[in-house]
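*Asks:* Counted the way the working numbering counts, the sequence shown spans residues 72 to 406. The beta-carbon is built from N, C-alpha and C at its ideal position, and this holds for glycine as well.
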Amino acid sequence: MHPFAILAPAWRRAPAAGIVAGALQEVEEIFRRQLRSDLPAVNELARHVERYRGKMLRPTLLLLSGLAATGREDEAALSRNHKMAAAVSEMIHMATLVHDDVLDEADTRRRGATINSLRGNETAVMLGDWLISNAFHLCSLIGDPSLNVVFGHTTNTLCEGELLQLSRREDVCLDECTYLEIVKRKTAALVSTCCQLGAKLSGASEEIQKALGMYGQHTGVAFQIQDDILDFTGDASVVGKTLGCDLLKGKATLPLILYLRDCVGSSRVDAINVIESRDGVELVRRMNKAGSIVAAQEVAENMIRSAQESLALLPEGQVKLLLQELAMEVIRRDR
Numbered sequence: 072m073h074p075f076a077i078l079a080p081a082w083r084r085a086p087a088a089g090i091v092a093g094a095l096q097e098v099e100e101i102f103r104r105q106l107r108s109d110l111p112a113v114n115e116l117a118r119h120v121e122r123y124r125g126k127m128l129r130p131t132l133l134l135l136s137g138l139a140a141t142g143r144e145d146e147a148a149l150s151r152n153h154k155m156a157a158a159v160s161e162m163i164h165m166a167t168l169v170h171d172d173v174l175d176e177a178d179t180r181r182r183g184a185t186i187n188s189l190r191g192n193e194t195a196v197m198l199g200d201w202l203i204s205n206a207f208h209l210c211s212l213i214g215d216p217s218l219n220v221v222f223g224h225t226t227n228t229l230c231e232g233e234l235l236q237l238s239r240r241e242d243v244c245l246d247e248c249t250y251l252e253i254v255k256r257k258t259a260a261l262v263s264t265c266c267q268l269g270a271k272l273s274g275a276s277e278e279i280q281k282a283l284g285m286y287g288q289h290t291g292v293a294f295q296i297q298d299d300i301l302d303f304t305g306d307a308s309v310v311g312k313t314l315g316c317d318l319l320k321g322k323a324t325l326p327l328i329l330y331l332r333d334c335v336g337s338s339r340v341d342a343i344n345v346i347e348s349r350d351g352v353e354l355v356r357r358m359n360k361a362g363s364i365v366a367a368q369e370v371a372e373n374m375i376r377s378a379q380e381s382l383a384l385l386p387e388g389q390v391k392l393l394l395q396e397l398a399m400e401v402i403r404r405d406r
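(1) Give me the DSSP bridge partner(s) of G183.
(2) Straight-line CA distance for E176 to C210?
(3) Just to check my reading of the structure: L268 and A156 have Cβ atoms closer than 8 Å, yes? What is that Cβ distance to the nearest angstrom?
(4) Can you give me the C-alpha to C-alpha distance between G274 and T185, rounded to a whole angstrom?
(5) Run the CB neighbour count on V352, radius 10 Å, all protein chains shown included, and call it buried at 16 or more, exposed below.
(6) Select from E400, L327, R376 the residue whose C-alpha is nearest the C-alpha of N359.
(7) On a CA-only basis, which of E387, E121, T167, A342 is nearest R181? Give me that one, please.
(8) Using 8 Å as the Cβ pair cut-off and three pairs as the minimum, do the stretch 385–393 and the stretch 130–143 touch?
(9) Beta-carbon separation of H289 and M399 under 8 Å?
(10) Considering only C-alpha positions, which residue in the set A117, H164, Q297, R339 is nearest to V262?
(11) Can you tell me whether C248 is buried or exposed, with buried defined as 16 or more other CB within 10 angstroms of its CB?
(12) Taking 7 Å as the cut-off, is the beta-carbon of G142 closer than that to any non-hydrogen atom of the ligand MG?
(13) Mind checking whether L232 and I203 have CB atoms under 8 Å apart?
(14) Quick one: what does DSSP say G388 is sitting in, helix, strand or coil?
(15) Tell whether a beta-carbon distance below 8 Å holds between V355 and L325.
(16) Taking the beta carbon of L394 as the centre, do at least 16 other beta carbons fall within 10 Å, making it buried, or is it exposed?
(17) For D109, does the count of other Cβ atoms within 10 angstroms reach 16, so buried, or fall short, so exposed?
(18) Taking the alpha-carbon positions, what's the T194 to N114 distance?
(19) Alpha carbon to alpha carbon, what distance is there between L132 and D51?
(20) Determine the DSSP secondary structure at D341, reduced to helix, strand or coil.
(21) Quick one: which unbroken beta strand (DSSP E) runs of 3-plus residues sit fully inside the stretch 228–285? Chain order, please.
(22) Taking the alpha helix (DSSP H) that A366 belongs to, which residues open and close that run?
(23) Suppose the cutoff is 7 Å on Cβ atoms and the five residues either side in sequence are ignored; what does the same chain contact list for D178 look like?
(24) Does R143 come out as helix, strand or coil in the three-state DSSP assignment?
(25) Span of the alpha helix (DSSP H) holding L116?
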């Protein structure tokens, strides 16, 4: 998928989008070279997991942030280190997808079979570990020890978010504050890191790095909320992965949390019974009637407004506008 496929055609044709798209081709080549093994069995798994690459959102945001931090709109503004760091971010992300599919017992990813459904959980877990180790090996070749520290801290944060979520599975009374804490760690942390590192590698000030990091955090939270909405309302053939996993695995996501928040007395007891029955069709009907899906969308929209406001310090130009538009498309998407 073209990294800007979710954007309107006019944005896809923008010069800055072309610069990033060209850089992403180098990122993909770095990615492929890093994920090579002298063992045919491992190479076969690596080729399969390459299909997990979809929107390339994290590498795209890292590269765009690298341009936006300086206001430059030329290919020379993106160094080899930008591209290597972008490849590292995508490897880490793909490792989390492989592990998520094990935890969710998912059968489909990117319209194809998951590793765990083909080869079992043991192989999937080890493949995810292999992707992580490759990511940190590549990171060590960049030559900036601080990147190892940043990516190391980020992966710790991702794991903490997942562990917090696992500790609250089957807890239909999960509150919105805890949900957002899970999402900030599990999903938004890596997006935020990518934006911040893009600026750092461009030599931007701490203030600009922090601003882009906040943009990434808000965008990442909105991205996850949209994913949670699509898990209830999406079309599996369009989204390209197994849907309904959150409900089946007992995950309380934002649409569900907002629905329960507005149920009181006997209606709350009735709502909990429907949730525990795992009747997705009836639950979606009730959430739509209660306005819970719309309310979740409004939370995502507020996050995107905050993301756009975080860019106030950046130099004006096409790249800043692209970041603003890309954030909006995160919550307009249907996949």
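*Replies:* In short, the structure shows the following:
(1) Within the sequence shown, residue 183 is the residue found at index 112, counting from 1. DSSP output for G183 lists R180 as bridge partner(s).
(2) As a working mapping, residue 176 is identified with position 105 in the sequence shown. As a working mapping, residue 210 is identified with position 139 in the sequence shown. In a straight line, the C-alpha of E176 is about 30 Å away from that of C210.
(3) Here residue 268 corresponds to residue number 197 of the sequence shown, with the count starting at 1. Here residue 156 corresponds to residue number 85 of the sequence shown, with the count starting at 1. Contact flag correct, Cβ pair sits at about 5 Å.
(4) As a first step, residue 274 must be located in the sequence shown, where it is residue number 203. As a first step, residue 185 must be located in the sequence shown, where it is residue number 114. Cα atoms of G274 and T185: separation of roughly 39 Å, rounded to the nearest angstrom.
(5) Locating residue 352 in the sequence shown gives position 281, where the first residue counts as 1. It is exposed - the Cβ of V352 has fewer than 16 other Cβ atoms within 10 Å.
(6) Mapped onto the sequence shown, residue 359 falls at position 288. Checked all of E400, L327, R376; the closest Cα to N359 is L327.
(7) Position 110 of the sequence shown, counting from 1, holds the residue named residue 181. Nearest option by C-alpha distance: E121.
(8) Two segments are said to touch when three or more pairs of C-beta atoms, one from each, lie closer than 8 Å; by this definition the stretch 385–393 touches the stretch 130–143.
(9) Stepping through the sequence shown from its first residue, residue 289 is reached at position 218. Stepping through the sequence shown from its first residue, residue 399 is reached at position 328. Cβ atoms of H289 and M399: not closer than 8 Å.
(10) Your numbering for residue 262 matches position 191 in the sequence shown. Of A117, H164, Q297, R339, the residue nearest in Cα terms is H164.
(11) For this step, residue 248 is matched to residue 177 along the sequence shown. Burial call: exposed.
(12) Inclusion of the ligand MG in the displayed structure is not the case, the ligand content being empty and no account of it being possible.
(13) For the purposes of this step, residue 232 is taken as the residue at position 161 of the sequence shown. For the purposes of this step, residue 203 is taken as the residue at position 132 of the sequence shown. Per the sequence shown, the amino acid found at residue 232 is Gly instead of Leu. Not in contact: G232 and I203 (Cβ atoms no closer than 8 Å).
(14) As a working note, residue 388 is residue 317 in the sequence shown. DSSP places G388 in coil when its eight states are reduced to three.
(15) Here residue 355 refers to the residue found at position 284 when the sequence shown is read from its first residue. Here residue 325 refers to the residue found at position 254 when the sequence shown is read from its first residue. Their beta carbons are not under 8 Å apart, which means V355 does not touch L325 by this criterion.
(16) Here residue 394 is taken as the residue at index 323 of the sequence shown, counted from 1. The residue is buried, with at least 16 neighbouring Cβ atoms inside 10 Å.
(17) As a position in the sequence shown, residue 109 is number 38, starting the count at 1. With fewer than 16 other Cβ atoms within 10 Å, it is exposed.
(18) Here residue 194 refers to the residue found at position 123 when the sequence shown is read from its first residue. Here residue 114 refers to the residue found at position 43 when the sequence shown is read from its first residue. Taking the straight line joining both Cα atoms gives about 13 Å.
(19) A query on residue 51 cannot be resolved here, the shown segment of the chain reaching from 72 to 406 and no further.
(20) What you label residue 341 is simply residue 270 of the sequence shown in a count that begins at 1. Reduced to three states, the DSSP call for D341 is helix.
(21) none
(22) Numbered from its first residue, the sequence shown carries residue 366 at position 295. Where A366 is concerned, the enclosing alpha helix (DSSP H) stretches over 363–380.
(23) Mapped onto the sequence shown, residue 178 falls at position 107. The residues are A184, T185, S188, T313.
(24) Sequence index remark: in the sequence shown, residue 143 carries index 72 (1-based). If DSSP states are grouped into helix, strand and coil, R143 belongs with coil.
(25) Residue mapping note: residue 116 aligns to position 45 of the sequence shown, counting from 1. That run of the alpha helix (DSSP H) goes 111–120.
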